[in-house]
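*Asks:* In the working numbering, the protein residues as written are 11 to 345.
Ideal placement from N, C-alpha and C gives every residue a C-beta, glycine not left out.
Next up is a structure, given as structure tokens.
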């Protein structure tokens, strides 16, 4: 604060110290700016109307502010002296719901007055603060993060915003919600793995002007990606028995691989079912006629197969190769 002092002294005979005659304190500063951005809100459960404004530049000298509140219904005016913002009890506002509010600033160098703000008490209520309580990431097919948050507001229709970003970023992402706080809210986000994020939430009564301040920052780090066992491809190894072996590896399926695998599985299932039905028919006919295979089982099965099955030789041959180990056990059982 710019400040100076001026004083006068005199030297008197037989006195070792100077005698103070007079003095003056000098302060310098500025007249007040016009108060701007006058705002009055009622925080739910507070019982007060809180009015704030932008005072402008520092004056460097003592400056007082008078808040004028005038009822539009009764014409009654009240004045409140303060040095910054003011809390006015709602119980003292007995002049109805509609008011004019303005601020007067004054110091030794001048006086200024703000524009008048018209308010309705029901329109300036801000819901009870929303709070983020916890977060969890669910490792589903696509991992998702669920943010749990709540408010103790009794206002039925509330609009909220939640903003989030990686802590290393400068730009916020914002999601909007129309909310009913009869239960804890759950908001889903699809985030990058192994990244630390920060979340904040704020609310307002739907259709009204004023928002809550953003809630305290809530931090959550997403887990690393968990390897997922999926069918990448069928890899064929030939055993001495001639069986086809499918192996499953870790990775992600492409759409082309999924189509190939589905087609191959369908062909295998169809071939096996058709061949099993044919084999059952062959054995039933053999046991009814009392025949007993005297050749090798493979040759005997081929000789007993119906003509319509023989015509599809490739399908029967595939089945015989695939069930060669099973046939060995059948030969032992028949003997």
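#1: Please look up how many angstroms separate the CB atoms of residue 157 and residue 209, rounded, as I've assumed it's under 8 Å.
#2: With 16 as the cutoff for other CB atoms within 10 Å, does residue 45 come out buried or exposed?
#3: Which residues in the same chain as residue 184 place their Cβ atom closer than 6 Å to its Cβ, once the five residues preceding and following it in sequence are excluded?
#4: Since residue 214 and residue 220 are thought to touch, with beta carbons under 8 Å apart, how far apart are those beta carbons, to the nearest angstrom?
#5: Looking at residue 222 and residue 139, is the spacing between their C-beta atoms short of 7 Å?
#6: Quick one: give me the first and last residue of the beta strand (DSSP E) that residue 95 is part of.
#7: Considering only residues of the same chain and omitting the five flanking positions on each side of residue 265, which have a CB-CB separation below 7 Å?
#8: Using a threshold of 7 Å, state whether the C-beta atoms of residue 165 and residue 137 are closer than that.
#9: Tell me, to the nearest whole angstrom, how far the beta carbon of residue 59 is from that of residue 98; I am working on the premise that it is less than 8 Å.
#10: Just to confirm, is the Cβ distance from residue 203 to residue 181 under 7 Å?
#11: Under 8 Å, with one C-beta from each stretch per pair, do the region 62-79 and the region 34-48 reach the 3-pair mark?
#12: Quick one, are the C-beta atoms of residue 77 and residue 51 less than 7 Å apart?
#13: Given that a residue counts as buried once 16 or more other Cβ atoms are within 10 Å of its Cβ, and exposed if not, what is residue 109?
#14: From the DSSP output, read off the bridge partner residues of residue 173.
#15: Quick check: residue 189 and residue 168, are their CB atoms within less than 7 Å of each other?
#16: From residue 28 to residue 18, what distance separates their C-alpha atoms?
#17: Kindly indicate which residue of 91, 36, 23, 55 has the alpha-carbon position closest to the one of residue 162.
#18: Return the CA-CA distance between residue 142 and residue 225, expressed in angstroms with no decimal places.
#19: Going by other Cβ atoms of all chains shown within 10 Å of its Cβ, with 16 needed for buried, is residue 53 buried or exposed?
#20: Residue 61: buried (16+ other C-beta within 10 angstroms of its C-beta) or exposed?
#21: What three-state label does DSSP hand residue 37 in the structure shown?
#22: Just list the residues that DSSP pairs residue 50 with in beta bridges.
#23: How is residue 132 classed by DSSP in three states: helix, strand or coil?
#24: Taking 6 Å as the line, does the beta carbon of residue 171 fall inside it for any heavy atom of the ligand ATP?
#25: Around the C-beta of residue 229, are 16 or more other C-beta atoms found within 10 angstroms, so that it is buried, or is it exposed?
#26: Does the separation of the CB atoms of residue 48 and residue 124 fall below 7 Å?
*Replies:* Looking at the coordinates:
#1: 6 Å
#2: buried
#3: 171, 173
#4: 6 Å
#5: Yes, the Cβ-Cβ distance between residue 139 and residue 222 is below 7 Å.
#6: Where residue 95 is concerned, there is no enclosing beta strand (DSSP E), given that its DSSP letter is neither H nor E.
#7: For residue 265, the predicted structure reports a pLDDT of 41, less than 50, and the residue's modelled location is therefore unreliable. A value from the coordinates is still provided. There are no such residues.
#8: yes
#9: 5 Å
#10: It is not a contact, given that the beta carbons lie outside the stated cut-off.
#11: yes
#12: no
#13: buried
#14: 184, 210
#15: yes
#16: 10 Å
#17: With distances taken between Cα atoms, residue 162 lies closest to 55.
#18: Residue 142 and residue 225: Cα-Cα distance of roughly 8 Å.
#19: buried
#20: buried
#21: strand
#22: 61
#23: helix
#24: The ligand ATP is not part of the structure shown, which contains no ligands of any sort.
#25: exposed
#26: Yes.
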